[in-house]
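Undergrad: Input: one structure, supplied below.
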Amino acid sequence: MAYSGLRIIKEALSGHRGWKPAWRDPEPKAHYDIVIVGGGGHGLATAYYLASRYQTARVAVLEKGWIGGGNVGRNTTIVRSNYLLDGNQAFYNLSLRMWEDLEQDLNYNAMVSQRGILNLVHTDAQRDAARRRGNAMILAGDDAELLDTDGVRALYPFLNFENARFPIKGGLLHRRGGTVRHDAVAWGYARGADRRGVDIIQNCEVTGFKVENGTCLGVETTRGFIGAGKVGVAVAGSSSRVMQMAGLRLPIESHVLQAFVSEGLKPVIPGVITYGAGHFYCSQSDKGGLVFGGDIDMYNTYAQRGNLPVVEDVLESGISLIPALGRVRLLRSWGGIMDMSMDGSPFIDRTPIDGLYFNGGWCYGGFKATPASGLCFAHLMATDTPHEVAQAYRLDRFRSGHMIDEKGQGAQPNLH
Amino acid sequence: MMIDHPLLGLRDAQEFTYLGDASLIDRPDWQAEDAQDAFHDYLYLRDNPAGAHRELWFHETGDRSWLVVTRNTLTHEITKVELARDVARARGRSK
Numbered sequence: 428m429a430y431s432g433l434r435i436i437k438e439a440l441s442g443h444r445g446w447k448p449a450w451r452d453p454e455p456k457a458h459y460d461i462v463i464v465g466g467g468g469h470g471l472a473t474a475y476y477l478a479s480r481y482q483t484a485r486v487a488v489l490e491k492g493w494i495g496g497g498n499v500g501r502n503t504t505i506v507r508s509n510y511l512l513d514g515n516q517a518f519y520n521l522s523l524r525m526w527e528d529l530e531q532d533l534n535y536n537a538m539v540s541q542r543g544i545l546n547l548v549h550t551d552a553q554r555d556a557a558r559r560r561g562n563a564m565i566l567a568g569d570d571a572e573l574l575d576t577d578g579v580r581a582l583y584p585f586l587n588f589e590n591a592r593f594p595i596k597g598g599l600l601h602r603r604g605g606t607v608r609h610d611a612v613a614w615g616y617a618r619g620a621d622r623r624g625v626d627i628i629q630n631c632e633v634t635g636f637k638v639e640n641g642t643c644l645g646v647e648t649t650r651g652f653i654g655a656g657k658v659g660v661a662v663a664g665s666s667s668r669v670m671q672m673a674g675l676r677l678p679i680e681s682h683v684l685q686a687f688v689s690e691g692l693k694p695v696i697p698g699v700i701t702y703g704a705g706h707f708y709c710s711q712s713d714k715g716g717l718v719f720g721g722d723i724d725m726y727n728t729y730a731q732r733g734n735l736p737v738v739e740d741v742l743e744s745g746i747s748l749i750p751a752l753g754r755v756r757l758l759r760s761w762g763g764i765m766d767m768s769m770d771g772s773p774f775i776d777r778t779p780i781d782g783l784y785f786n787g788g789w790c791y792g793g794f795k796a797t798p799a800s801g802l803c804f805a806h807l808m809a810t811d812t813p814h815e816v817a818q819a820y821r822l823d824r825f826r827s828g829h830m831i832d833e834k835g836q837g838a839q840p841n842l843h
Numbered sequence: 603m604m605i606d607h608p609l610l611g612l613r614d615a616q617e618f619t620y621l622g623d624a625s626l627i628d629r630p631d632w633q634a635e636d637a638q639d640a641f642h643d644y645l646y647l648r649d650n651p652a653g654a655h656r657e658l659w660f661h662e663t664g665d666r667s668w669l670v671v672t673r674n675t676l677t678h679e680i681t682k683v684e685l686a687r688d689v690a691r692a693r694g695r696s697k
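Taken in sequence, the protein lines are chains Z and H. Each residue of the first sequence is one higher than the one before, starting from 428 at the first, in my numbering. Each residue of the second sequence is one higher than the one before, starting from 603 at the first, in my numbering.
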């Protein structure tokens, strides 16, 4: 059943009795060609592209809880393509272009809103770095525009321009960046995959891998053994825990990132603003709440909650940038568990076990990568060769020295 | 979080900087045959357990000692705090 304006009118006139569930609730079969572990954004996108672009029959997505209940439902919904390094540029460029076509492709309203992302600069050195990044973005086919103070003032007159320590000297504006309704991304991919025959199996936790002679033959689950020609793991946040069941240690630590939303306000922040002098970023949801966040808590954790010093730090940064925030009441805060990789970049790769594939290490940037991650992971599993834009995301890159340190800060999670 | 410093008593975790898994104390032998593999694993791979985790914390704004803290990564409960110096010496490291 395709969604359309006409359909809404038709349903409205007939008492909305014709809507069907957006996806089925099938029983797991004994064997699939490809099993995806993890029903988050990346797992569902992978299944969708396997079915729609790579004509793979018999695909299942196994989800421990309910789909979209993990990080795809816990992030701050920002999409962008403002990367500097070769390994990243083509990938995020593709991802942003896929966001632009996503709703038509899925026939689902994901509320893609290219409202623009502004990275503020506060010093001459930061302006030089922004100019360099902007030029790199333009060369890679993305958009960037360097604004001076007046340019920023025209967009956001309420910022703290005259701060004695961190005056706002301008900003790098990425107009095609913006926000997307995060839950709708999971639901849209789930519906699209389901319509193409993918079995989405919820409440089905993987408890082990069946590996014989170095080949993965399927997964043990709380709903019995499920055989598979190939198994793809996309469980960012819990990657180490799941891959440990296959005997693999990963270059990943799990950390918590906290996010916050205020009470609903009238429209005040049209785009996304990031602070250059502290780790703080802010946008306004379509419901009116200001959505913002900052740094990770900096210690290993699997608890989906953080500690108060980081809350204080984020709010201090926010108020020093937007003094008016001091009058806004915080509605709620939450934490999501991040796969923090050693260089701050992700993995989409085979593993030493035949038939077992891994997608993870997204740090706190997994949401914007969802479409390209799904496509590249599907490509890898369907063809056994890496997609051309994801060749750098190898699991063994630390061994060969090919790290992708986008922030230039060194190989350790607490630096990113 | 509060960390029960062996010398100073309960201190706010905010006074500390976190480094990571306490296995970083066990630096591989650079002259060993397999040094390249051992250093790769030492530098980049982590157990990253859900549950009890032994980890290094540096009392940066305090007495600048390194601690080995045993903390549950699911609940944040801290069950043991040792001076990293004592841990390293017990393993035969350092003079």
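Here a beta-carbon is modelled for each residue, glycine too, at the ideal position from N, C-alpha and C.
#1: Give the single residue among Ser772(Z), Tyr726(Z), Gly788(Z) and Met808(Z) whose Cα lies nearest to the Cα of Phe618(H).
#2: On the CB-based measure, 16 or more other CB atoms within 10 Å of its CB, does Ser665(Z) come out buried or exposed?
#3: Anything in the stretch 648–659 of chain H with a Cβ closer than 9 Å to a Cβ of chain Z? List those residues in chain order, please.
#4: Only counting the same chain, and skipping five residues up and downstream in sequence, which positions put a Cβ closer than 7 Å to that of Leu573(Z)?
#5: Do Gly720(Z) and Val695(Z) have their CB atoms nearer than 8 Å?
#6: Check the Cβ of Ser772(Z) against every Cβ in chain H and list those closer than 7 Å, keeping chain order.
#7: I'd like to check one pair, Ala663(Z) with His806(Z): are the Cβ atoms closer than 8 Å?
#8: Let's see if you can read the secondary structure: which residues bound the beta strand (DSSP E) around Arg759(Z)?
#9: How many whole angstroms separate the CB atoms of Arg613(H) and Gly664(H), which I take to be in contact at a CB cut-off of 8 Å?
#10: Are the CB atoms of Leu669(H) and Leu626(H) nearer to each other than 8 Å?
#11: Decide yes or no for the touch test of the stretch 606–613 of chain Z against the stretch 536–550 of chain Z: beta carbon pairs closer than 8 Å, at least 3 of them.
#12: Relative to chain H, which residues along the stretch 720–752 of chain Z have a C-beta separation below 7 Å, given in chain order?
#13: Which stretch, first to last residue, makes up the alpha helix (DSSP H) that contains Glu530(Z)?
#14: Rounded to the nearest angstrom, what separates Arg542(Z) and Gln836(Z) at their Cα positions?
#15: Please state if the CB of Arg648(H) and the CB of Ile505(Z) are separated by a distance shorter than 8 Å.
#16: Kindly indicate if chain H contains any beta-carbon less than 8 Å away from that of Ile679(Z).
#17: Please report whether the beta-carbon of Tyr620(H) lies at a distance below 8 Å from any beta-carbon of chain Z.
#18: What are the partner residues of Ala718(Z), as DSSP defines its beta bridges?
#19: In chain order, what residues of the stretch 664–683 of chain H put their CB closer than 7 Å to some CB of chain Z?
#20: How would you write the range of the beta strand (DSSP E) that Ala655(Z) sits in, first residue to last?
#21: So is Tyr644(H) in contact with chain Z if we call contact Cβ pairs under 8 Å?
#22: Interface residues of chain H around Phe636(Z) at Cβ under 7 Å?
#23: Confirm the yes/no value for this check: CB of Phe618(H), any heavy atom of the ligand ADP, distance under 7 Å.
#24: If you measure beta-carbon to beta-carbon, which residues of the stretch 648–676 of chain Z are closer than 7 Å to chain H?
#25: Got a sec: is the Cβ-Cβ distance from Ala615(H) to anything in chain Z below 8 Å?
#26: At the 8 Å Cβ level, is Met603(H) part of the contact set with chain Z, yes or no?
#27: Return the chain-ordered list of same chain residues with a C-beta closer than 7 Å to the C-beta of Leu471(Z), the five sequence neighbours on each side being excluded.
#28: Below 8 Å on the Cβ atoms is my guess for Ser747(Z) versus Asn587(Z); work out the distance and round it to an integer in Å.
#29: Compute the Euclidean distance between the alpha carbons of Thr473(Z) and Tyr708(Z), then round it to the nearest angstrom.
TA: Answer, in terms of the structure:
#1: Tyr726(Z)
#2: When all chains shown are included, Ser665(Z) counts as buried.
#3: Arg648, Asp649, Asn650, Pro651, Ala652, Gly653, His655, Glu657 and Trp659
#4: Ala557, Arg558, Gly561, Gly597 and Leu599
#5: no
#6: Simply none; closest approach about 13 Å.
#7: no
#8: Counting along the chain, Arg759(Z) sits inside the beta strand (DSSP E) bounded by residues Leu757 to Ser768.
#9: The Cβ separation is near 6 Å, so the contact holds.
#10: Between Leu669(H) and Leu626(H), the gap from beta carbon to beta carbon reaches 8 Å or more.
#11: yes
#12: Met725, Tyr726, Asn727, Thr728, Tyr729, Ala730, Asn734 and Pro736
#13: Asp513 to Leu533
#14: 29 Å
#15: Not closer than 8 Å, so no.
#16: yes
#17: With respect to chain Z, the C-beta atom of Tyr620(H) has a partner C-beta closer than 8 Å.
#18: A quick correction: the sequence has Val, not Ala, at residue 718(Z). Beta-bridge pairing links Val718(Z) to Val688(Z) and Ser710(Z).
#19: Taken in chain order, the members of the stretch 664–683 of chain H whose beta-carbon sits within less than 7 Å of a beta-carbon on chain Z are Thr675, Leu676, Thr677 and His678.
#20: It spans Gly651 to Val660 - the beta strand (DSSP E) in which Ala655(Z) sits, taken as one unbroken run.
#21: Taking Cβ atoms only, chain Z never reaches closer than 8 Å to Tyr644(H), which makes this a no.
#22: The contacting residues do not exist; Phe636(Z) stays about 18 Å from chain H at best.
#23: This structure lacks the ligand ADP; in fact it carries no ligand of any kind.
#24: Ser667, Arg668 and Arg676
#25: yes
#26: yes
#27: Val488, Ile494, Ala613, Tyr616, Ala617 and Ala620
#28: Contact holds; Cβ gap of about 6 Å.
#29: 29 Å
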